[in-house]
Amino acid sequence: MRLQWVWKILGALLVLYSLIWGLFIPLKPGIVSVEPNRAQAGETIELVYEGYNVDYQDVNERDISAWLLMDSVRTIAADRLEIIGNRSVLLTFSLPYFRDADPGVISTTLVVSDSTHGYALLPSAVSVLKAVSEQDSAKEEGAFTPIRIDYPNETTFPFRNILKETIRNTYYHVPLWFSMIILFLLSAFYSAKYLNTRVKAFDIWARSYAEIAIILGVLGLVTGAIWARFTWGAFWSWDVKQFTSAVALLIYLSYFILRSSISDEDKRARLTASYNIFAFVLLIPLLFIIPRLTDSLHPGNGGNPAMGGEDLDSTMRWVFYPAVIGWILLGLWMSNLKARYLIVFQNREEEFMSD
Amino acid sequence: MNRWIVLWQKEMVAQWRSQSSLPAIILYVLSTTFIVFAAFARIDERTWVVLYWIILVLSAAQSAQNSFRDVEGVSGWYYYSVCRVEEYFFSKVAANFILLGLMAVLTFLGLSLFSGMPIRNLGLFVGVNVSAWLGLSLLFSFLGFLNAKIEGQQGLLPLLSFPLLLPILLEVIKLSSISAGAMTDTEYMSDLYILLAVDALILALTLLLIRYLWQS
Numbered sequence: 034m035r036l037q038w039v040w041k042i043l044g045a046l047l048v049l050y051s052l053i054w055g056l057f058i059p060l061k062p063g064i065v066s067v068e069p070n071r072a073q074a075g076e077t078i079e080l081v082y083e084g085y086n087v088d089y090q091d092v093n094e095r096d097i098s099a100w101l102l103m104d105s106v107r108t109i110a111a112d113r114l115e116i117i118g119n120r121s122v123l124l125t126f127s128l129p130y131f132r133d134a135d136p137g138v139i140s141t142t143l144v145v146s147d148s149t150h151g152y153a154l155l156p157s158a159v160s161v162l163k164a165v166s167e168q169d170s171a172k173e174e175g176a177f178t179p180i181r182i183d184y185p186n187e188t189t190f191p192f193r194n195i196l197k198e199t200i201r202n203t204y205y206h207v208p209l210w211f212s213m214i215i216l217f218l219l220s221a222f223y224s225a226k227y228l229n230t231r232v233k234a235f236d237i238w239a240r241s242y243a244e245i246a247i248i249l250g251v252l253g254l255v256t257g258a259i260w261a262r263f264t265w266g267a268f269w270s271w272d273v274k275q276f277t278s279a280v281a282l283l284i285y286l287s288y289f290i291l292r293s294s295i296s297d298e299d300k301r302a303r304l305t306a307s308y309n310i311f312a313f314v315l316l317i318p319l320l321f322i323i324p325r326l327t328d329s330l331h332p333g334n335g336g337n338p339a340m341g342g343e344d345l346d347s348t349m350r351w352v353f354y355p356a357v358i359g360w361i362l363l364g365l366w367m368s369n370l371k372a373r374y375l376i377v378f379q380n381r382e383e384e385f386m387s388d
Numbered sequence: 337m338n339r340w341i342v343l344w345q346k347e348m349v350a351q352w353r354s355q356s357s358l359p360a361i362i363l364y365v366l367s368t369t370f371i372v373f374a375a376f377a378r379i380d381e382r383t384w385v386v387l388y389w390i391i392l393v394l395s396a397a398q399s400a401q402n403s404f405r406d407v408e409g410v411s412g413w414y415y416y417s418v419c420r421v422e423e424y425f426f427s428k429v430a431a432n433f434i435l436l437g438l439m440a441v442l443t444f445l446g447l448s449l450f451s452g453m454p455i456r457n458l459g460l461f462v463g464v465n466v467s468a469w470l471g472l473s474l475l476f477s478f479l480g481f482l483n484a485k486i487e488g489q490q491g492l493l494p495l496l497s498f499p500l501l502l503p504i505l506l507e508v509i510k511l512s513s514i515s516a517g518a519m520t521d522t523e524y525m526s527d528l529y530i531l532l533a534v535d536a537l538i539l540a541l542t543l544l545l546i547r548y549l550w551q552s
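Chains A and B are the protein sequences, given in the same order. Here the numbering used here is used: the first residue of the first sequence is 34, the next is one more, and so on. Here the numbering used here is used: the first residue of the second sequence is 337, the next is one more, and so on.
Given below as structure tokens:
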């Protein structure tokens, strides 16, 4: 097989791989809600928790265990567990009294684990208000049992309360934008090459890269809007990242309007190449500097951390990186096809004119 | 350098003598401030700042479009034969810069007279203005030059320039809102540096690309 086919097939396979695994690998079990979420130290509380991606129908109550974590040492095991629904369990905890040095409120993490589904946890699940015992508090130390969690048997993606299933969008939204930026970069590069050499084909390459990049950019914007509907509450909220991304697409639309309004071929190639380079360089502060300094909900901007850490665990990396490479290769292939089609078309036209 | 100054002087004289460009711009600025006054009477600081920049940007686009009328045709060939493109282009930039300053002062006076003067930190406002005039005159001159080269349709300048204006405009509106007290931000120096960096970026790009626009 010739090399020029290898990368194209690889790109298509990687995109296919990311589509299949990105959609079919299940999420880890998670905790959707806990009621009540306030308690007083020293009292016995009953918590109802609702799980995500769990099914307790065939699970024995004895196989489930649950803890409330006050800190790394003070971990309180549930005294009693009662399955009250397919996805919900009633937990009974006897909370210990606080020590004198403790703050007024400790927010505890709930951990639920069973051998079938693996573990789930919810940070800041229950806020416990301070109360100090009149009696000897040393007695309470015995109430703590170290936690022991089960890991899921199958490959899973992390569960995030604000993301839930939309965490899969990481494999589509993010690679689409990466691919778009690479194609815009190549478009500007071919424009520069055109200005240096005046070979007509380079102008066609620059145009093809920009066209495919716009398509990927629109897809990136749409997937971003769908994600924003779920996590931020609205498809479009004039977040600075949405705003500057839309403007980036407007800039390239004006590039195509400029193309279509000049009839002389050489002049069109020269002027649009200059505009393309000018526009691409001005995109850098627009897309990468200004959003970082403005308040934004988008990860990586306005003081928010970028994706990483627990939002992108090793299972996700196995899908995310192939997806990035796959979409870049697919974008290159599409632009390649478009450019070759245009070049053939132009050659035919010239032959026709000369006959 | 000498040729550059001569070209610049010629440009200023041409703007001054022209029946349409300078009076038209003054008329535009004054009538817009009248309209703002008639529509809003009193406006808050933020609106004042935004209106100020919108009036300024629109008139800057208009004047940049006018100033490159002589790039095509006989006069274009004349300039092509007597001077380098950088001299020609930067004489226009300098003229546009001064014109933009004039328009800014007029807009400022007009808006202050009719709708109040909200600017508290005048030093910051002047600093922002000068760096914005620099960026705007460079950007509009470059795209005005490009626009003048398109035969037939010459109304493309707003379409080509407004999306590209955004990095400058976002910073400028933020910084002038701070200077008007409509926003509080103690670390505005970093925004000012970004504005200057964008100016420097546009300057470098125009220096690099301008010669490709010139030849026909």
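Think of the CB as a built atom: it goes at the ideal place given N, C-alpha and C, for glycine as much as any other residue.
As assigned by DSSP and simplified to three states, the class of residue 64/A: The residue you call residue 64/A lines up with position 31 of the first sequence. Note: residue 64/A maps to strand in three-state DSSP.
Residue 458/B versus 479/B, 429/B, 514/B and 500/B, residue with shortest Cα-Cα distance: Position 122 of the second sequence holds residue 458/B. Ranking the options by Cα distance to residue 458/B, first place goes to 514/B.
Boundaries (first-last residue) of the alpha helix (DSSP H) holding residue 387/A: Along the first sequence, read from residue 1 onward, the residue named residue 387/A stands at position 354. From DSSP, the alpha helix (DSSP H) with residue 387/A extends over 347-387.
Beta-bridge partners of residue 113/A, as assigned by DSSP: What you label residue 113/A is simply residue 80 of the first sequence in a count that begins at 1. Partner(s): 125/A.
One or two residues paired with residue 147/A in a DSSP bridge: One-based indexing of the first sequence puts residue 147/A at position 114. DSSP output for residue 147/A lists 97/A and 151/A as bridge partner(s).
Partner residues on chain A for residue 485/B, Cβ-Cβ distance less than 8 Å: Position 149 of the second sequence, counted from the start, is the residue given in the question as residue 485/B. The answer, in chain order, is 300 and 304.
Proximity test, Cβ basis, 8 Å: residue 503/B and chain A: The count along the second sequence starts at 1 and reaches residue 503/B at position 167. Interface residue, yes.
Residue 181/A (DSSP reduced to helix, strand or coil): Indexing the first sequence from 1 puts residue 181/A at position 148. Looking at residue 181/A - three-state DSSP - the assignment turns out to be coil, as it is neither helix nor strand.
Burial state of residue 351/B (16 or more Cβ within 10 Å): What you label residue 351/B is simply residue 15 of the second sequence in a count that begins at 1. With 16 or more Cβ atoms within 10 Å of its Cβ, residue 351/B is classed as buried.
Contact list for the segment 530-543 of chain B against chain A, Cβ threshold 7 Å: 530, 534, 537 and 541
Where residue 478/B meets chain A, residues with beta-carbon distance less than 8 Å: Start at 1 with the first residue of the second sequence, and residue 478/B comes out as number 142. Ordered by position in chain A, the residues that pass the 8 Å Cβ test against residue 478/B are 311.
Residue span of the alpha helix (DSSP H) that contains residue 393/B, given as start and end: For this step, residue 393/B is matched to residue 57 along the second sequence. 381-403 is the extent of the alpha helix (DSSP H) around residue 393/B.
Member of 295/A, 99/A and 177/A whose CA lies at the smallest distance from the CA of residue 153/A: Here residue 153/A refers to the residue found at position 120 when the first sequence is read from its first residue. Checking every option, the nearest Cα to that of residue 153/A belongs to 99/A.
Nearest-angstrom Cα separation, counted from residue 93/A out to residue 69/A: Position 36 of the first sequence, counted from the start, is the residue given in the question as residue 69/A. Position 60 of the first sequence, counted from the start, is the residue given in the question as residue 93/A. When rounded, the distance between both Cα atoms is 25 Å.
For residue 65/A and residue 97/A, believed in contact at Cβ under 8 Å, the rounded distance: Position 64 of the first sequence, counted from the start, is the residue given in the question as residue 97/A. Position 32 of the first sequence, counted from the start, is the residue given in the question as residue 65/A. The pair is not a contact, with the Cβ atoms about 16 Å apart (cut-off 8 Å).
Contacts that residue 280/A makes with chain B (C-beta to C-beta distance below 7 Å): As a first step, residue 280/A is located in the first sequence; it is residue number 247 there, counting from the start. Within chain B, the residues near residue 280/A are 499 and 502.
Residue 522/B, buried or exposed, once every other Cβ within 10 Å from all chains shown has been counted against 16: Working through the second sequence from its first residue, we reach residue 522/B at position 186. Residue 522/B should be labelled exposed.
Among 399/B, 503/B and 359/B, nearest to residue 325/A - alpha-carbon criterion: Within the first sequence, the letter at position 292 stands for residue 325/A. When each option's Cα is compared against that of residue 325/A, the closest is 503/B.
Residue 255/A to residue 108/A span [Cα, whole Å]: Here residue 255/A is taken as the residue at index 222 of the first sequence, counted from 1. Here residue 108/A is taken as the residue at index 75 of the first sequence, counted from 1. Residue 255/A and residue 108/A: Cα-Cα distance of roughly 44 Å.
Residues near residue 228/A in its chain [Cβ-Cβ closer than 6 Å; skip 5 each side]: Taking the first residue of the first sequence as position 1, residue 228/A is located at position 195. 306, listed in sequence order.
Inter-residue Cα distance where the pair is residue 81/A and residue 191/A: For the purposes of this step, residue 81/A is taken as residue 48 along the first sequence, with counting starting at 1. For the purposes of this step, residue 191/A is taken as residue 158 along the first sequence, with counting starting at 1. Using only the alpha carbons, I get a separation of about 23 Å.
Distance CB(residue 465/B)-CB(residue 440/B) smaller than 8 Å: Reading the second sequence from its first residue, position 129 is the one you call residue 465/B. Reading the second sequence from its first residue, position 104 is the one you call residue 440/B. Contact: yes.
Same chain only: Cβ atoms within 8 Å of residue 357/A, ignoring 5 sequence neighbours per side: Taking the first residue of the first sequence as position 1, residue 357/A is located at position 324. The residues are 207, 208, 211 and 212.
Proximity below 8 Å, CB of residue 500/B to CB of residue 401/B: Position 164 of the second sequence, counted from the first residue, corresponds to residue 500/B. Position 65 of the second sequence, counted from the first residue, corresponds to residue 401/B. Contact: no.
Cutoff 8 Å: residue 526/B Cβ touching any chain A Cβ: Locating residue 526/B in the second sequence gives position 190, where the first residue counts as 1. True, the Cβ-Cβ gap to chain A drops below 8 Å.
Rounded separation between residue 304/A and residue 491/B - CA only: Counted from its first residue, the first sequence places residue 304/A at position 271. Counted from its first residue, the second sequence places residue 491/B at position 155. Roughly 16 Å between the two C-alpha positions.
Contacts around residue 348/B, its chain only, beta-carbon distance under 6 Å, and the 5 residues preceding and following it disregarded: Position 12 of the second sequence holds residue 348/B. Once the five neighbours on either side are set aside, the close Cβ partners of residue 348/B are 431.
Interface partners of residue 290/A on chain B, CB under 9 Å: Taking the first sequence and counting its residues from 1, the one referred to as residue 290/A is at position 257. Those within 9 Å of residue 290/A in chain B are 492, 495 and 496.
Any 3 or more C-beta pairs closer than 8 Å across the segment 234-246 of chain A and the segment 263-279 of chain A: Contact annotation: the segment 234-246 of chain A does not touch the segment 263-279 of chain A, with fewer than three C-beta pairs closer than 8 Å.
Inter-residue Cα distance where the pair is residue 58/A and residue 188/A: Here residue 58/A refers to the residue found at position 25 when the first sequence is read from its first residue. Here residue 188/A refers to the residue found at position 155 when the first sequence is read from its first residue. Roughly 7 Å between the two C-alpha positions.
When 480/B, 413/B and 451/B are compared against residue 551/B, the one with the closest alpha-carbon: For the purposes of this step, residue 551/B is taken as residue 215 along the second sequence, with counting starting at 1. Checking every option, the nearest Cα to that of residue 551/B belongs to 413/B.
Boundaries of the alpha helix (DSSP H) in which residue 134/A is found, first to last residue: For the purposes of this step, residue 134/A is identified with residue 101 of the first sequence, where counting begins at 1. No alpha helix (DSSP H) contains residue 134/A, which DSSP labels as neither H nor E.
CB contact below 8 Å: residue 511/B versus chain A: Taking the first residue of the second sequence as 1, we reach residue 511/B at position 175. Not a single C-beta of chain A is nearer than 8 Å to the C-beta of residue 511/B.
Residues of the segment 211-245 of chain A with Cβ closer than 9 Å to any Cβ of chain B, in chain order: Correct list: 228.
Span of the alpha helix (DSSP H), counted from its first residue to its last, around residue 298/A: Translated into positions along the first sequence, residue 298/A becomes position 265. Where residue 298/A is concerned, the enclosing alpha helix (DSSP H) stretches over 298-317.
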